[in-house]
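Colleague:
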Amino acid sequence: MSDKRRYIRTPVSIKVRVWHDAIGSVVLTTRDVSDGGVFLITEGAPIPPVGTVVEGQVQGPVEDLPIVKMEIVRAEPTGVGLRFVSPDPETE
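Numbering (my numbering), first residue to last: 7 to 98.
1) Run through DSSP, which three-state label would residue 17 get?
2) Assign residue 46 to one of two classes, buried (16 or more other C-beta atoms within 10 Å of its C-beta) or exposed (fewer than that).
3) For residue 68, does the three-state DSSP call read helix, strand or coil?
4) Since residue 74 contacts residue 90 with CB under 8 Å, what's their CB separation in whole angstroms?
5) By DSSP, does residue 58 sit in helix, in strand, or in coil?
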């Protein structure tokens, strides 16, 4: 079976704050990141269903990092895959 992904995934562990009215705010850790999206390890944290658009921000020493919209596109027992909705890497 071939991998038909559009973007190459890079394994990396980064803290990301995710928020949505349904869950409030949670800080999760990435498993991998690509130009098109991110996989977040949920570890039992409440997450809205597939198709929901959430906002996210990388957590780190700088406070003014961009806030991006991401759509939950798949769920697994260990976490969720999200597609970047904005900013769109194709238009940057």
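The C-beta atom is built at its ideal place from N, Cα and C for all residues, glycine as well.
Modeller: Taking the coordinates as given:
1) Mapped onto the sequence shown, residue 17 falls at position 11. Residue 17 falls in the strand class under three-state DSSP.
2) Position 40 of the sequence shown, counted from the start, is the residue given in the question as residue 46. Flag for residue 46 reads buried.
3) The residue you call residue 68 lines up with position 62 of the sequence shown. Correct three-state label for residue 68: coil.
4) As a first step, residue 74 is located in the sequence shown; it is residue number 68 there, counting from the start. As a first step, residue 90 is located in the sequence shown; it is residue number 84 there, counting from the start. With 8 Å as the limit, residue 74 and residue 90 qualify as a contact, their Cβ atoms being about 6 Å apart.
5) Translated into the one-based positions of the sequence shown, residue 58 becomes position 52. The answer is coil: DSSP assigns residue 58 none of H, G, I, E or B.
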